[in-house]
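Remarks on the structure that follows.
Residue numbers (my numbering): 5 to 249.
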(Lines of atoms letter the chains of each structure in order from A and count residues from 1; the text may use other names and numbers.)
(Lines give C-alpha, C1' and ligand atoms only; values in the text may rest on other atoms or scores of the structure.)
Protein backbone atom coordinates (compact mmCIF):
# COMPACT_ATOMS: atom_id res chain seq x y z
CA UNK A 1 0.00 0.00 0.00
CA UNK A 2 1.21 3.53 -0.74
CA UNK A 3 -0.49 6.83 0.04
CA UNK A 4 -0.19 9.95 -2.10
CA UNK A 5 -0.86 13.14 -0.15
CA UNK A 6 -1.00 16.79 -1.13
CA UNK A 7 2.25 18.73 -1.29
CA UNK A 8 2.61 20.63 1.98
CA UNK A 9 5.08 21.02 4.83
CA UNK A 10 2.22 21.64 7.29
CA UNK A 11 1.19 18.35 8.88
CA UNK A 12 -2.28 19.53 9.85
CA UNK A 13 -3.05 20.46 6.21
CA UNK A 14 -2.06 17.09 4.75
CA UNK A 15 -4.80 14.93 3.24
CA UNK A 16 -4.97 11.76 1.12
CA UNK A 17 -5.08 12.38 -2.63
CA UNK A 18 -5.07 8.72 -3.54
CA UNK A 19 -4.34 5.17 -2.38
CA UNK A 20 -2.42 2.67 -4.51
CA UNK A 21 -2.46 -1.04 -3.83
CA UNK A 22 -0.38 -3.81 -5.39
CA UNK A 23 -1.18 -7.50 -4.95
CA UNK A 24 0.39 -10.58 -6.50
CA UNK A 25 -2.31 -10.32 -9.17
CA UNK A 26 -3.06 -6.67 -9.95
CA UNK A 27 -2.40 -2.97 -9.32
CA UNK A 28 -5.15 -0.61 -8.14
CA UNK A 29 -5.26 3.17 -7.73
CA UNK A 30 -8.12 4.80 -5.82
CA UNK A 31 -8.39 8.58 -6.40
CA UNK A 32 -9.63 10.17 -3.19
CA UNK A 33 -9.18 13.92 -3.45
CA UNK A 34 -7.68 15.13 -6.71
CA UNK A 35 -8.29 18.82 -7.37
CA UNK A 36 -9.51 20.09 -10.76
CA UNK A 37 -6.89 20.05 -13.51
CA UNK A 38 -6.85 23.12 -15.78
CA UNK A 39 -10.29 24.03 -14.45
CA UNK A 40 -11.78 20.63 -15.25
CA UNK A 41 -13.24 18.66 -12.34
CA UNK A 42 -11.80 15.18 -11.92
CA UNK A 43 -13.89 12.18 -10.90
CA UNK A 44 -12.77 10.93 -7.50
CA UNK A 45 -14.04 7.83 -5.73
CA UNK A 46 -17.02 7.99 -3.34
CA UNK A 47 -16.41 9.83 -0.04
CA UNK A 48 -13.82 8.18 2.16
CA UNK A 49 -16.39 7.60 4.90
CA UNK A 50 -18.10 4.98 2.72
CA UNK A 51 -15.12 2.61 2.58
CA UNK A 52 -13.10 3.06 5.76
CA UNK A 53 -13.29 -0.73 6.26
CA UNK A 54 -11.39 -1.32 3.00
CA UNK A 55 -8.57 -3.14 4.80
CA UNK A 56 -10.62 -4.78 7.54
CA UNK A 57 -10.19 -8.54 7.79
CA UNK A 58 -7.02 -8.74 5.69
CA UNK A 59 -4.81 -11.53 7.05
CA UNK A 60 -1.97 -11.51 4.51
CA UNK A 61 1.09 -9.28 5.08
CA UNK A 62 0.37 -5.57 4.55
CA UNK A 63 3.52 -3.97 3.18
CA UNK A 64 4.53 -0.31 3.11
CA UNK A 65 7.74 1.55 2.42
CA UNK A 66 8.13 4.05 5.28
CA UNK A 67 4.97 2.73 6.92
CA UNK A 68 4.84 5.41 9.61
CA UNK A 69 4.10 8.12 7.04
CA UNK A 70 1.30 6.16 5.36
CA UNK A 71 -0.23 5.09 8.67
CA UNK A 72 -0.38 8.72 9.79
CA UNK A 73 -2.48 9.65 6.78
CA UNK A 74 -4.66 6.54 6.92
CA UNK A 75 -5.44 6.70 10.64
CA UNK A 76 -6.16 10.43 10.53
CA UNK A 77 -8.67 9.75 7.73
CA UNK A 78 -10.31 7.03 9.84
CA UNK A 79 -9.12 3.85 8.11
CA UNK A 80 -8.75 0.73 10.24
CA UNK A 81 -5.52 -1.10 9.44
CA UNK A 82 -4.74 -4.58 10.86
CA UNK A 83 -1.55 -3.61 12.68
CA UNK A 84 -0.38 -7.11 13.61
CA UNK A 85 0.69 -8.04 10.06
CA UNK A 86 2.37 -4.82 8.86
CA UNK A 87 5.79 -4.86 7.24
CA UNK A 88 7.98 -1.93 6.20
CA UNK A 89 10.50 -2.55 3.41
CA UNK A 90 12.49 0.55 4.37
CA UNK A 91 13.05 -0.84 7.87
CA UNK A 92 13.54 -4.38 6.57
CA UNK A 93 16.48 -3.22 4.50
CA UNK A 94 17.80 -1.21 7.44
CA UNK A 95 17.87 -4.41 9.53
CA UNK A 96 19.68 -6.30 6.78
CA UNK A 97 22.17 -3.59 5.82
CA UNK A 98 22.11 -0.68 8.26
CA UNK A 99 25.35 0.76 6.87
CA UNK A 100 24.22 0.92 3.23
CA UNK A 101 25.70 4.29 2.26
CA UNK A 102 23.07 5.16 -0.36
CA UNK A 103 20.27 5.09 2.20
CA UNK A 104 17.03 3.11 2.31
CA UNK A 105 14.79 5.16 -0.02
CA UNK A 106 12.43 3.31 -2.35
CA UNK A 107 13.99 4.65 -5.57
CA UNK A 108 17.47 3.52 -4.50
CA UNK A 109 16.37 0.08 -3.32
CA UNK A 110 14.06 -0.60 -6.25
CA UNK A 111 16.93 0.19 -8.64
CA UNK A 112 19.03 -2.39 -6.79
CA UNK A 113 16.50 -5.18 -6.20
CA UNK A 114 13.47 -4.75 -8.47
CA UNK A 115 12.43 -5.03 -12.10
CA UNK A 116 9.93 -2.18 -11.74
CA UNK A 117 11.47 1.23 -12.49
CA UNK A 118 9.98 4.70 -11.95
CA UNK A 119 9.23 6.88 -14.96
CA UNK A 120 11.42 9.86 -14.04
CA UNK A 121 10.03 12.05 -16.83
CA UNK A 122 6.48 11.47 -15.59
CA UNK A 123 7.55 12.37 -12.05
CA UNK A 124 9.15 15.60 -13.24
CA UNK A 125 6.06 16.53 -15.25
CA UNK A 126 3.75 16.07 -12.25
CA UNK A 127 5.89 17.99 -9.78
CA UNK A 128 4.70 21.50 -10.70
CA UNK A 129 1.00 20.52 -10.55
CA UNK A 130 1.13 17.83 -7.91
CA UNK A 131 -2.03 18.71 -5.95
CA UNK A 132 -4.10 18.77 -9.14
CA UNK A 133 -2.31 15.95 -10.96
CA UNK A 134 -4.26 14.14 -13.66
CA UNK A 135 -5.65 10.97 -12.12
CA UNK A 136 -4.44 8.72 -14.95
CA UNK A 137 -0.87 10.05 -14.55
CA UNK A 138 -0.93 9.71 -10.76
CA UNK A 139 -2.23 6.16 -11.14
CA UNK A 140 0.86 5.16 -13.15
CA UNK A 141 3.20 7.00 -10.78
CA UNK A 142 1.64 5.59 -7.59
CA UNK A 143 1.23 2.01 -8.78
CA UNK A 144 4.88 1.94 -9.84
CA UNK A 145 5.79 2.61 -6.21
CA UNK A 146 3.51 -0.07 -4.80
CA UNK A 147 4.62 -2.64 -7.37
CA UNK A 148 8.26 -1.88 -6.49
CA UNK A 149 7.45 -2.15 -2.78
CA UNK A 150 5.88 -5.57 -3.27
CA UNK A 151 8.85 -6.78 -5.32
CA UNK A 152 11.21 -5.39 -2.70
CA UNK A 153 9.36 -7.25 0.06
CA UNK A 154 9.79 -10.56 -1.75
CA UNK A 155 13.45 -9.76 -2.50
CA UNK A 156 14.25 -8.99 1.16
CA UNK A 157 12.02 -11.56 2.84
CA UNK A 158 14.54 -14.41 3.24
CA UNK A 159 17.38 -12.17 4.48
CA UNK A 160 14.96 -10.52 6.92
CA UNK A 161 14.00 -13.85 8.51
CA UNK A 162 16.62 -13.63 11.35
CA UNK A 163 15.13 -10.27 12.40
CA UNK A 164 11.47 -11.27 12.23
CA UNK A 165 11.06 -11.95 15.95
CA UNK A 166 12.64 -8.59 16.87
CA UNK A 167 10.28 -6.83 14.46
CA UNK A 168 7.13 -8.61 15.60
CA UNK A 169 7.93 -8.41 19.32
CA UNK A 170 9.30 -4.89 19.72
CA UNK A 171 10.00 -2.66 16.74
CA UNK A 172 6.67 -2.84 14.93
CA UNK A 173 4.87 -1.76 18.10
CA UNK A 174 7.41 1.00 18.67
CA UNK A 175 6.93 2.29 15.10
CA UNK A 176 3.15 2.34 15.62
CA UNK A 177 3.67 4.15 18.94
CA UNK A 178 5.77 6.84 17.23
CA UNK A 179 3.11 7.22 14.54
CA UNK A 180 0.49 7.81 17.22
CA UNK A 181 2.67 10.34 19.03
CA UNK A 182 3.26 12.28 15.80
CA UNK A 183 -0.45 12.25 14.99
CA UNK A 184 -1.48 13.60 18.38
CA UNK A 185 1.56 15.72 19.22
CA UNK A 186 3.15 16.08 22.64
CA UNK A 187 3.04 18.75 25.34
CA UNK A 188 6.18 20.84 25.85
CA UNK A 189 7.29 22.87 28.85
CA UNK A 190 8.52 26.00 27.05
CA UNK A 191 10.40 27.40 30.03
CA UNK A 192 12.19 24.07 30.56
CA UNK A 193 13.05 23.91 26.86
CA UNK A 194 14.59 27.41 26.98
CA UNK A 195 16.60 26.37 30.04
CA UNK A 196 17.92 23.28 28.25
CA UNK A 197 18.68 25.32 25.12
CA UNK A 198 20.91 27.68 27.11
CA UNK A 199 22.73 24.72 28.69
CA UNK A 200 23.23 23.05 25.30
CA UNK A 201 24.53 26.21 23.64
CA UNK A 202 26.96 26.75 26.52
CA UNK A 203 28.17 23.16 26.26
CA UNK A 204 28.58 23.49 22.48
CA UNK A 205 30.79 26.56 22.92
CA UNK A 206 32.97 24.66 25.42
CA UNK A 207 33.29 21.67 23.04
CA UNK A 208 34.24 23.98 20.14
CA UNK A 209 36.94 25.58 22.27
CA UNK A 210 38.26 22.18 23.38
CA UNK A 211 38.38 20.86 19.81
CA UNK A 212 39.88 24.00 18.37
CA UNK A 213 37.50 24.09 15.38
CA UNK A 214 33.79 24.55 14.63
CA UNK A 215 31.91 21.30 13.89
CA UNK A 216 29.12 23.27 12.19
CA UNK A 217 31.43 24.67 9.51
CA UNK A 218 32.08 22.10 6.73
CA UNK A 219 35.31 23.80 5.67
CA UNK A 220 36.81 23.43 9.16
CA UNK A 221 35.47 19.88 9.55
CA UNK A 222 36.94 18.80 6.21
CA UNK A 223 40.30 20.34 7.11
CA UNK A 224 40.32 18.46 10.42
CA UNK A 225 39.29 15.07 9.02
CA UNK A 226 41.12 15.03 5.70
CA UNK A 227 43.94 17.52 6.21
CA UNK A 228 47.50 16.30 6.58
CA UNK A 229 48.80 15.76 10.14
CA UNK A 230 49.48 17.39 12.49
CA UNK A 231 46.76 19.91 11.47
CA UNK A 232 44.31 17.22 10.30
CA UNK A 233 43.79 13.51 10.88
CA UNK A 234 44.78 12.52 7.34
CA UNK A 235 41.67 10.38 6.73
CA UNK A 236 40.90 9.29 3.16
CA UNK A 237 37.31 9.90 1.93
CA UNK A 238 35.42 6.93 0.49
CA UNK A 239 34.33 8.96 -2.52
CA UNK A 240 34.31 12.48 -3.88
CA UNK A 241 31.36 14.56 -5.07
CA UNK A 242 32.14 16.38 -8.27
CA UNK A 243 31.78 20.14 -8.12
CA UNK A 244 28.86 21.54 -10.10
CA UNK A 245 29.31 24.61 -12.24
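Where a beta carbon is used, it is the ideal one built from N, C-alpha and C, also for glycine.
All of these numbers come straight from a predicted model, not from anything done at the bench.
Can you tell me the Cβ-Cβ gap for residue i and residue j, rounded? I've got them flagged as a contact below 8 Å.
i, j, result
"residue 100", "residue 164", "6 Å"
"residue 28", "residue 18", "Not quite, the Cβ-Cβ distance comes to about 30 Å (not below 8 Å), so this is no contact."
"residue 144", "residue 126", "6 Å"
"residue 22", "residue 208", "With 8 Å as the limit, residue 22 and residue 208 do not qualify as a contact, their Cβ atoms being about 44 Å apart."
So, are the CB atoms of residue i and residue j less than 8 Å apart?
i, j, result
"residue 152", "residue 110", "yes"
"residue 115", "residue 92", "no"
"residue 85", "residue 78", "yes"
"residue 24", "residue 36", "no"
"residue 156", "residue 215", "no"
"residue 89", "residue 124", "no"
"residue 136", "residue 39", "yes"
"residue 241", "residue 230", "yes"
"residue 211", "residue 87", "no"
Roughly how many whole angstroms lie between the Cα atoms of residue i and residue j?
i, j, result
"residue 187", "residue 13", "15 Å"
"residue 7", "residue 166", "29 Å"
"residue 300", "residue 220", "Since the first residue shown for the chain is 5 and the last is 249, residue 300 is missing from the structure and cannot be characterised."
"residue 32", "residue 192", "42 Å"
"residue 108", "residue 131", "22 Å"
"residue 75", "residue 185", "12 Å"
"residue 159", "residue 97", "10 Å"
"residue 202", "residue 182", "28 Å"
"residue 134", "residue 34", "16 Å"
"residue 15", "residue 69", "19 Å"
"residue 224", "residue 104", "26 Å"
"residue 235", "residue 227", "8 Å"
"residue 149", "residue 232", "46 Å"
"residue 218", "residue 200", "21 Å"
"residue 204", "residue 189", "24 Å"
"residue 171", "residue 119", "27 Å"
"residue 245", "residue 43", "44 Å"
Within 10 angstroms of the Cβ of residue i, are there 16 or more other Cβ atoms? Answer buried if so, exposed if not.
i, result
"residue 174", "exposed"
"residue 26", "buried"
"residue 238", "exposed"
"residue 60", "exposed"
"residue 5", "buried"
"residue 147", "buried"
"residue 154", "buried"
"residue 57", "exposed"
"residue 20", "buried"
Which residues does DSSP pair with residue i in a beta bridge?
i, result
"residue 8", "22"
"residue 67", "91"
"residue 33", "24"
"residue 41", "44"
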